[in-house]
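Worksheet for the structure shown next.
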Amino acid sequence: MYEHMVLFRFASEPSKDQLNTLYAMARQFPKHIPGIVDVAIGRDTTGRNQGFQVGLTVRFIDRAALDAYGPHPKHQELVQYSLEMGRTDIIVVDFPIET
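Each residue of the sequence shown is one higher than the last, beginning at 1 in the UniProt record's numbering.
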């Protein structure tokens with residue numbers, strides 16, 4: 001399995017409606033993108049986020065599923081929406097999960 005982690009930074013505080021839309025888009029991934037095991041998304045609650053307000057994790061069955069995710073239209077819709085929300089930066093970390 002592979003874990004895909006993304007941290008989002010926005011120019012200004014996203015509205016509740018914007019966040020709800022972003023969350024709903026991500027939570028629909030397993031219905032539309034093959035090879036996704038689980039999705040989690042939410043707002044930071046630690047106060048130690050260094051300006052990154054939202055975190056996303058997507059778990060995949062294998063590296064091939066992760067590779068297919070990048071260009072998938074549903075993923076690209078979320079990318080575009082996050083830019084429309086004023087996304088200024090992201091951090092992405094992908095790693096294999098040893099079981």
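For each residue, glycine too, the CB sits at the ideal point set by N, CA and C.
So who's on the other strand from residue i, going by DSSP bridges?
i: phenylalanine 52; result: Bridge partners of phenylalanine 52: none, in fact.
Could you tell me which of the options sits nearest to residue i, measuring between CA atoms?
i: arginine 9; options: Pro30, Ile97, Leu19, Ile36; result: Leu19
i: phenylalanine 29; options: Tyr69, Val93, Arg87; result: Tyr69
i: glutamate 84; options: Val92, Leu7, Thr21; result: Thr21
i: isoleucine 91; options: Val54, Gly51, Tyr2, Leu7; result: Leu7
i: phenylalanine 95; options: Pro73, Ile61, His72; result: Ile61
i: threonine 57; options: Met1, Glu98, Ala40; result: Ala40
i: alanine 11; options: Arg87, Arg63, Leu78; result: Arg87
i: valine 37; options: Gly51, Val79, Arg63, Pro73; result: Arg63
i: lysine 74; options: Ala24, His32, Ser15; result: His32
Can you tell me the Cβ-Cβ gap for residue i and residue j, rounded? I've got them flagged as a contact below 8 Å.
i: glycine 55; j: glycine 42; result: 6 Å
i: leucine 78; j: tyrosine 2; result: Incorrect: roughly 18 Å between the Cβ atoms, too far for contact.
| message | I'd like the ranges of any alpha helix (DSSP H) spanning at least 4 consecutive residues and lying wholly in the UniProt domain "Stress-response A/B barrel" (2 to 95). | response | Within the UniProt domain "Stress-response A/B barrel" (2 to 95), the complete alpha helix (DSSP H) runs of at least 4 residues fall at 16 to 27, 29 to 32, 63 to 69, 73 to 84.
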